[in-house]
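Novice: Numbering (this note's numbering), first residue to last: 23 to 201. We put the beta carbon where it would ideally sit given N, CA and C, even for glycine. Keep in mind that this is a model prediction, so the values were computed, not measured.
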Ligand SMILES: [Zn+2]
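(1) Quick one: Cα of residue 44 to Cα of residue 76, how far?
(2) So, residue 140 versus residue 178, is the Cβ gap smaller than 8 Å?
(3) Leaving out five residues on either side along the sequence, give the residues of the same chain with a beta carbon under 8 Å from the beta carbon of residue 120.
(4) Would DSSP call residue 24 helix, strand or coil?
(5) Would you kindly check if the distance between the Cβ of residue 50 and the Cβ of residue 40 is under 8 Å?
(6) Pick out every residue whose C-beta is nearer than 6 Å to a heavy atom of ligand 1: which are they, in chain order?
(7) By the three-class DSSP mapping on this structure, what secondary structure does residue 161 have?
(8) Would you decide whether residue 113 is buried or exposed? Buried here means 16 or more other CB atoms lie within 10 Å of its CB.
(9) I think residue 152 touches residue 129, with their Cβ atoms under 8 Å apart; what is that distance to the nearest whole Å?
(10) What residues are listed by DSSP as bridge partners for residue 133?
So this is what it looks like as structure tokens:
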């Protein structure tokens with residue numbers, strides 16, 4: 023099926039059309055149809071090219087964002103790892119200090135370590151096991167809140183116990199002995 027299109031065109035364009043048709047042994051109608059089809063196809067291709075270009079640009083910016091997010095996560099992991107190392111060093115130092123001899127048992131004279139005092143609260147001698155809280159209490163002094171002081175030492179003891187457990191875990195030792 024075909025239809026007729028009347029179109030007014032400049033003389034120069036009409037001459038060019040005739041030349042185009044005769045060069046290719048086409049009728050004038052054949053040349054117009056061919057040129058119109060090619061023109062429309064070119065415009066359609068240009069549009070899909072622009073669409074592709076837009077999608078490519080979107081992909082590129084998305085990739086850049088993903089890369090930035092990845093870098094951010096890497097930095098966070100690194101910071102967490104450094105914090106973990108610092109904590110491990112602190113725990114090791116605390117556990118070492120807790121192993122130092124601090125006093126002697128008032129009953130059997132067995133050396134008492136800071137951990138015996140703060141964590142276990144008892145003499146390490148199995149045949150003694152005397153409670154050591156008296157060693158923790160300084161001489162009564164005005165304005166000194168002994169119960170607050172003991173609560174603080176209790177909290178410190180928990181911390182020392184954690185440090186001992188964490189250090190033993192890292193060294194593959196069995197966890198700390200409990201009274
Ligand atoms: Zn003792």
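Specialist: Looking at the atomic coordinates:
(1) Here residue 44 is taken as the residue at index 22 of the chain shown, counted from 1. Here residue 76 is taken as the residue at index 54 of the chain shown, counted from 1. When rounded, the distance between both Cα atoms is 41 Å.
(2) By one-based count along the chain shown, residue 140 stands at place 118. By one-based count along the chain shown, residue 178 stands at place 156. Yes, these two residues count as a Cβ contact at 8 Å.
(3) Here residue 120 refers to the residue found at position 98 when the chain shown is read from its first residue. Only 135, 136, 137, 140, 141, 182, 185 and 186 meet the Cβ criterion.
(4) Looking up residue 24 in the chain shown gives position 2. Here residue 24 sits in coil by DSSP.
(5) Taking the chain shown and counting its residues from 1, one reaches residue 40 at position 18. Taking the chain shown and counting its residues from 1, one reaches residue 50 at position 28. In contact: residue 40 and residue 50 (Cβ atoms closer than 8 Å).
(6) 127, 129, 130, 132, 145, 147, 150 and 152
(7) As a working mapping, residue 161 is identified with position 139 in the chain shown. Coil.
(8) Position 91 of the chain shown holds residue 113. Under this definition residue 113 is a buried residue.
(9) Numbered from its first residue, the chain shown carries residue 152 at position 130. Numbered from its first residue, the chain shown carries residue 129 at position 107. Sure, about 4 Å apart at Cβ, within 8 Å.
(10) Walking along the chain shown from the start, residue 133 turns up at place 111. Residue 133 pairs with 126.
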